[in-house]
Amino acid sequence: MLPKNDPTKPAVNTTEREERFLALMDKHMGILYKVSLAYCRETEDRKDLIQETTAQLWYAFDRYNSEYRFSTWMYRVALNVAIGFYRRETRRKRSISQLSDTSVENIVSPEQDDANPDIALLYRFIDGLKQLDRALMLLYLDNHSYLEIADVLGITETNVGTKISRIKVKLRDAFAKHDWSY
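First residue of the sequence shown: 6, per this note's numbering; consecutive thereafter.
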């Protein structure tokens, strides 16, 4: 169901709406790549998630309130779509066969083949987090404030700080246990 137009807003023709949407998407496309990388192990799944998220953003674009940052709204939509996608794909794959062990090659995008091994380890760590914590870390690593993270995830600012502190301790322990002789 498409959203009804708000009579208090001036009518925007389809071309202007498309141009505005495409300009904002072009500027913030990295958000979709980050979210898909964190929630999908396989390249094809990442592409499907990006496509599904883009469609949802387009359908919901009329409800975007331009008084707020587009990136915050985009993160909220992308994370909601990703969590639903992740749940559906996990159920589907479980019914077909057992999931294979995750390897760094499946997590890191092809563009990051030459990336620092620490980054690959960080993504592997993030992949092992619970869904909410994974979303929280993506936003935190993208330098969003606690207030912005709280707004996107629908939790309190205090809860954001507490969760980030706990994740940092886990991360520090994970890196300490890692063999650095490569």
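Glycine residues also receive a C-beta, built at the ideal position from the N, C-alpha and C atoms.
Exposed or buried, what is residue i when buried is set at 16 or more other beta-carbons lying within 10 Å of its beta-carbon?
i, result
"Ser-170", "exposed"
"Phe-75", "buried"
"Ala-83", "buried"
"Ser-41", "buried"
"Lys-173", "exposed"
"Arg-139", "buried"
"Leu-104", "Model confidence at Leu-104 stands at a pLDDT of 38, short of 50, so the residue's coordinates are unreliable; what they give is reported in the following sentence. The residue in question, Leu-104, is exposed, as its Cβ has fewer than 16 Cβ neighbours within 10 Å."
"Tyr-128", "buried"
"Ile-124", "exposed"
"Arg-51", "buried"
"Lys-175", "exposed"
"Leu-158", "buried"
"Ala-181", "exposed"
"Glu-23", "exposed"
"Leu-152", "exposed"
"Ala-28", "exposed"
"Thr-20", "exposed"
"Pro-8", "Residue confidence is low: Pro-8 scores 46 on pLDDT, short of 50, so the model does not pin down where it sits. Its coordinate-derived value is still stated next. The residue is exposed, with fewer than 16 neighbouring Cβ atoms inside 10 Å."
"Ser-71", "exposed"
Take residue i as the anchor and find which of the options has the nearest alpha-carbon.
i, options, result
"Arg-177", "Gly-166, Leu-126 and His-33", "Leu-126"
"Arg-92", "Gln-136, Gly-159, Ile-131 and Thr-77", "Gln-136"
"Glu-57", "Asn-70, Ala-28, Ile-88 and Leu-152", "Ile-88"
"Phe-90", "Cys-45, Ala-179 and Glu-21", "Cys-45"
"Gly-166", "Ala-181, Met-142 and Arg-68", "Met-142"
"Ile-36", "Tyr-151, Met-79, Ala-28 and Asp-67", "Met-79"
"Arg-68", "Thr-161, Ile-131 and Phe-26", "Phe-26"
"Leu-134", "Leu-29, Met-34 and Lys-168", "Lys-168"
"Asp-156", "Asp-132, Asn-85 and Arg-81", "Arg-81"
"Phe-130", "Ile-154, Glu-162 and Ala-179", "Ala-179"
"Met-30", "Thr-163, Asp-132 and Thr-77", "Thr-77"
"His-33", "Glu-49, Ile-55 and Thr-163", "Ile-55"
"Thr-59", "Asn-85, Thr-48 and Thr-161", "Asn-85"
Under a CB-based cut-off of 7 Å, is residue i close to chain B?
i, result
"Ala-65", "Judged by its chain identifiers, the structure shown contains no chain B, having just a single protein chain."
Review point. Do the segment 52-64 and the segment 143-163 touch if we need at least three Cβ pairs shorter than 8 Å?
Key: Judged by Cβ distances under 8 Å, the segment 52-64 makes no contact with the segment 143-163, as fewer than three pairs qualify.
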